[in-house]
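Peer 1: The structure follows.
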Amino acid sequence: MSHDHDHDNELDPFAARVRALETILTEKGLIDPAAIDVIVDTYEIKVGPRNGARVVAKAWVDAEFAAWLKRDATAAIASLSYTGRQGEHMQAVFNTEETHNLVVCTLCSCYPWSVLGLPPVWYKAPPYRSRAVIDPRGVLEEFGLTLPAATKIRVWDSTAELRYLVVPMRPEGTEGWSEERLAELVTRDAMIGTGLAKEPA
């Protein structure tokens, strides 16, 4: 027998719960799936990691902007028109050879939507929220990021009052690159701290 609907048992438990809740609310006429799609599209496409990547790329090429970003990230980011929900109060933390920064929200899932879009499922999961503080080096290794033993890892706890953006180190071999080209090297994970900027091809 053929049919065209999806089975929740093909989804991970979190996605299945979301699907069930959306179905119930839709059947009750409380939400419009098309409106939900527009919201998701907005945060995945129109706002999100590409905005943060542009912030990072500008900091890489513009020393004055980088200094402003360190001093007042909220204002510097707003100057690029990346403002709004969950990004009202920002702090930028810069990776160096000596220090790697990692962001977590230990209480819930505070996250700078205006520059990073919607938070990934793992960011909201209790294992990440607890282990990022207890064993940050081990967590990073699970993401495939093994740092030198001498590199200090600093963990920043995002809150409803203050959210963080990690500025990864600029990859070598990108001298003379445009901001647009540099932004392509900046990933969402690099701006959370669970990854690094991509190496140039």
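When the letters of the sequence shown are read in order and numbered with our numbering, they come out as residues 604 to 804.
Beta carbons are placed, not taken as given, at the ideal position from N, Cα and C, and that holds for glycine.
Can you give me the start and stop residues for the alpha helix (DSSP H) that residue 672 sits inside?
Peer 2: Where residue 672 is concerned, the enclosing alpha helix (DSSP H) stretches over 666 to 674.
Peer 1: In or out: residue 544 buried (at least 16 other Cβ within 10 Å) or exposed?
Peer 2: Outside the modelled stretch of the chain, which goes from 604 to 804, sits residue 544, for which no answer is possible.
Peer 1: Buried or exposed: where does residue 640 fall if 16 or more other Cβ atoms within 10 Å of its Cβ makes it buried?
Peer 2: With fewer than 16 other Cβ atoms within 10 Å, it is exposed.
Peer 1: Counting only the same chain and skipping the five closest in sequence on each side, list residues whose C-beta sits under 6 Å from that of residue 836.
Peer 2: Shown here, the chain extends from 604 to 804; a query on residue 836 therefore has no answer.
Peer 1: Does the separation of the CB atoms of residue 669 and residue 660 fall below 8 Å?
Peer 2: For residue 669 and residue 660, no; Cβs fall outside 8 Å.
Peer 1: Quick one: using the 10 Å Cβ neighbour count with 16 as the cut-off for buried, is residue 666 buried or exposed?
Peer 2: Under this definition residue 666 is an exposed residue.
Peer 1: If contact is defined by three or more beta carbon pairs under 8 Å, each pair taking one atom from either stretch, is the segment 756 to 767 in contact with the segment 694 to 707?
Peer 2: Verdict: yes, contact present.
Peer 1: Take residue 683 as the anchor and find which of 727, 623, 655 has the nearest alpha-carbon.
Peer 2: Here the closest residue by C-alpha is 655.
Peer 1: Can you tell me whether residue 614 is helix, strand or coil according to DSSP?
Peer 2: Coil, per DSSP.
Peer 1: Does the separation of the CB atoms of residue 724 and residue 739 fall below 8 Å?
Peer 2: Cβ distance not < 8 Å, so residue 724 and residue 739 don't count as in contact.
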